[in-house]
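Trainee: Under the numbering used here, the first residue of the sequence shown is numbered 7, with each subsequent residue one higher. One structure, as structure tokens, below. Some questions next.
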Amino acid sequence: MRKLFGIFCLAMLLCVFNSCTRSEEKTVEKTAKEFYLSYQNMDFNEIVEYCTPLMTERMRSIESGLTPESRKMQLEKLKSFSMTVETVEFNADTTAAVATCSFVQSNTKEKFTDKMELQKISGVWKISEF
Numbered sequence: 007m008r009k010l011f012g013i014f015c016l017a018m019l020l021c022v023f024n025s026c027t028r029s030e031e032k033t034v035e036k037t038a039k040e041f042y043l044s045y046q047n048m049d050f051n052e053i054v055e056y057c058t059p060l061m062t063e064r065m066r067s068i069e070s071g072l073t074p075e076s077r078k079m080q081l082e083k084l085k086s087f088s089m090t091v092e093t094v095e096f097n098a099d100t101t102a103a104v105a106t107c108s109f110v111q112s113n114t115k116e117k118f119t120d121k122m123e124l125q126k127i128s129g130v131w132k133i134s135e136f
């Protein structure tokens with residue numbers, strides 16, 4: 007009877023942990039997708055809402071280096087890609103994650119994958135590397 011109770015408790019703990027992890031995974035996916043949508047629209051004011059402080063500096067640097075012509079060219083190129091989060095992996099204490107994303111070009115169907123690194127800061131997932 008004790009063994010059965012122990013197995014039951016372990017199963018319950020695994021279910022609770024899996025549920026929390028899946029919730030975190032969905033939140034990471036949402037952050038990655040919203041970040042990319044903002045990036046795709048070159049909306050730097052919104053982009054930085056999804057970034058760590060260091061990544062915010064990088065995004066502001068990119069923004070300041072864009073001329074109107076290069077911005078238009080980048081915008082056209084970015085608009086031709088769609089992004090899907092394929093996998094999310096967490097570190098041991100779920101304070102950092104890596105989202106593996108696939109990007110598909112709409113005209114040529116060219117596909118490539120890349121990773122986004124995220125950190126959990128004050129309970130909110132932020133992009134730390136892209």
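Backbone N, C-alpha and C define an ideal beta-carbon position, used for all residues, glycine too. Values in this document were obtained by computation on a predicted structure and should not be read as measured data.
1. May I have the straight-line CA-CA distance separating THR37 from ARG64, to the nearest angstrom?
2. Cα-Cα, which of LYS115, LYS132 and SER128 is closest to SER88?
3. Beta carbon of ALA105, beta carbon of VAL34: below 8 Å?
4. Comparing C-alpha positions only, which one of LYS39, LEU81 and SER134 sits nearest to THR101?
5. Of the choices SER86, CYS107 and SER128, whose alpha-carbon is the least far from that of ASN113?
6. Between the Cα of ASP49 and those of GLU31, SER29, LEU72 and ARG28, spot the shortest distance and give me the residue it belongs to.
7. The beta strand (DSSP E) with MET89 in it runs from where to where?
8. Taking its Cβ as the centre, do 16 or more other Cβ atoms sit within 10 Å of PHE118, making it buried, or is it exposed?
9. Out of curiosity, what's the CA-to-CA distance linking GLU92 and GLN80?
Mentor: In short:
1. Position 31 of the sequence shown holds residue 37. Position 58 of the sequence shown holds residue 64. Distance between the alpha carbons of THR37 and ARG64: 18 Å.
2. Numbered from 1 along the sequence shown, position 82 holds the residue referred to as residue 88. Checked all of LYS115, LYS132 and SER128; the closest Cα to SER88 is LYS115.
3. Taking the first residue of the sequence shown as position 1, residue 105 is located at position 99. Taking the first residue of the sequence shown as position 1, residue 34 is located at position 28. Contact: yes.
4. As a first step, residue 101 is located in the sequence shown; it is residue number 95 there, counting from the start. Selected option, being the one with the closest Cα: SER134.
5. For this step, residue 113 is matched to residue 107 along the sequence shown. Each of SER86, CYS107 and SER128 was checked against the Cα of ASN113, and the nearest Cα belongs to SER86.
6. Position 43 of the sequence shown, counted from the first residue, corresponds to residue 49. Comparing Cα positions, the closest option is LEU72.
7. Position 83 of the sequence shown holds residue 89. Residues 87-96.
8. For the purposes of this step, residue 118 is identified with residue 112 of the sequence shown, where counting begins at 1. Taking every protein chain shown into account, the CB of PHE118 has fewer than 16 other CB atoms within 10 angstroms, so this residue is exposed.
9. If you number the sequence shown from 1, residue 92 lands on position 86. If you number the sequence shown from 1, residue 80 lands on position 74. Rounded to whole angstroms, GLU92 to GLN80 spans 24 Å at the Cα level.
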